[in-house]
Amino acid sequence: HHAELLITLLARQILAGHGGGHYATRRQLTERPRQIFLVLDYMVQAWSHCGVIDRDRIGIFGFSMGGFTALAGIGGRPEVAGLLAQCLALPQKPACQEMGGPGEIARKFGDTPLGIGPDPRLNAAFVAPPALSALFLPDGLRDVGKPVELWAAELDELMPVDPDVIVVRDGLPTAPVSH
């Protein structure tokens, strides 16, 4: 389905890139936004068609860890403390189990700030459903001043509406358009 989405976006003169991977290490987590920013650098500066890009209409679509990346890219401030607190309270969550529980998360990611900053070229985000949204607890989304469209699947067991999508919906200073 990702290929169909990319073709649709390109047909509407919307440029698209894809960053794969997961969140097994702190570096993988923090590198995701940086990689998107590098793609944007290339697309607006070095790409042979960069002159056709309307720099006022650059947005980001993210699914799962791409949703995390999109939120970080538009001003979300992820921190490990929120994820640790959620995994202590909800150890049965698939992401918490996959990451080895709170002790392993603390060991892998440490307690220093993740140091992910926004890219001011991103003007909107489409987030379908975000993985590890607890990284934005308790108030890591309060400074997001860009429009967000938030998608969720009612029966999603990996990134359920409660708590994952609710964390984003309730954490943003302006209510997102929700689907």
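All residue numbers for the sequence shown refer to the working numbering, where the first residue is 10 and numbers rise by one. Glycine included, C-beta positions come from ideal geometry on N, C-alpha and C. None of the values given here were measured: they were computed from a predicted structure.
| Between the CA atoms of L167 and Q104 - distance to the nearest angstrom | In the sequence as presented, Gln is not what sits at residue 104; that position holds Ala. If I take the Cα positions, the gap works out to 7 Å.
| Would you call Q37 buried or exposed, if buried means 16 or more other Cβ atoms sit within 10 Å of its Cβ? | Flag for Q37 reads exposed.
| task | Return the CA-CA distance between E107 and T39, expressed in angstroms with no decimal places. | result | Taking the straight line joining both Cα atoms gives about 18 Å.
| task | Just the C-alpha distance for R64 and Q101, rounded to the nearest angstrom, thanks. | result | 43 Å
| task | Can you give me the Cβ contacts of E88 inside the same chain, cut-off strictly under 7 Å, excluding the 5 residues immediately before and after it? | result | P122, L123, L144, G149
| So what does DSSP say about L159, is it helix, strand or coil? | strand
| Considering only C-alpha positions, which residue in the set I45, F70, C59, T78 is nearest to L141? | T78
| field | Every unbroken alpha helix (DSSP H) within the region 88–147, with a cutoff of 4 residues, ordered by chain | value | 89–98, 103–107, 110–118
| message | Can you give me the C-alpha to C-alpha distance between G91 and I45, rounded to a whole angstrom? | response | 24 Å
| message | So the candidates are V186, R151, V136; which of them puts its Cα closest to the Cα of M74? | response | Cα-wise, what sits closest to M74 is V136.
| message | List, from N- to C-terminal side, the alpha helix (DSSP H) runs of 4 residues or more that fit wholly inside the region 46–96. | response | 74–82
| task | Leaving out five residues on either side along the sequence, give the residues of the same chain with a beta carbon under 7 Å from the beta carbon of P138. | result | G76, W160, A161, A162, D165, M168, D173, V174
| task | Give the C-beta separation of K155 and N132 to the nearest angstrom, bearing in mind that I take them to be a contact with Cβ-Cβ under 8 Å. | result | 6 Å
| said: Assuming A134 and G180 are in contact, meaning their beta carbons sit under 8 Å apart, how far apart are those beta carbons, in whole angstroms? | reply: Their Cβ separation, rounded to whole angstroms, is 13 Å, which puts A134 and G180 out of contact at 8 Å.
| Opening and closing residue of the alpha helix (DSSP H) in which V177 lies | 175–180
| request: Tell whether a beta-carbon distance below 7 Å holds between I69 and G85. | output: Not a contact, by the Cβ cut-off of 7 Å.
| request: Might you give, ordered along the chain, the residues of its own chain that have their beta carbon closer than 8 Å to the beta carbon of Q111, omitting 5 neighbours on each side? | output: Looking at the sequence shown, residue 111 is not Gln but Pro. For P111, same chain residues with a beta-carbon under 8 Å away, outside a window of 5 residues either side, are L93, C96, L97, P100, C105 in chain order.
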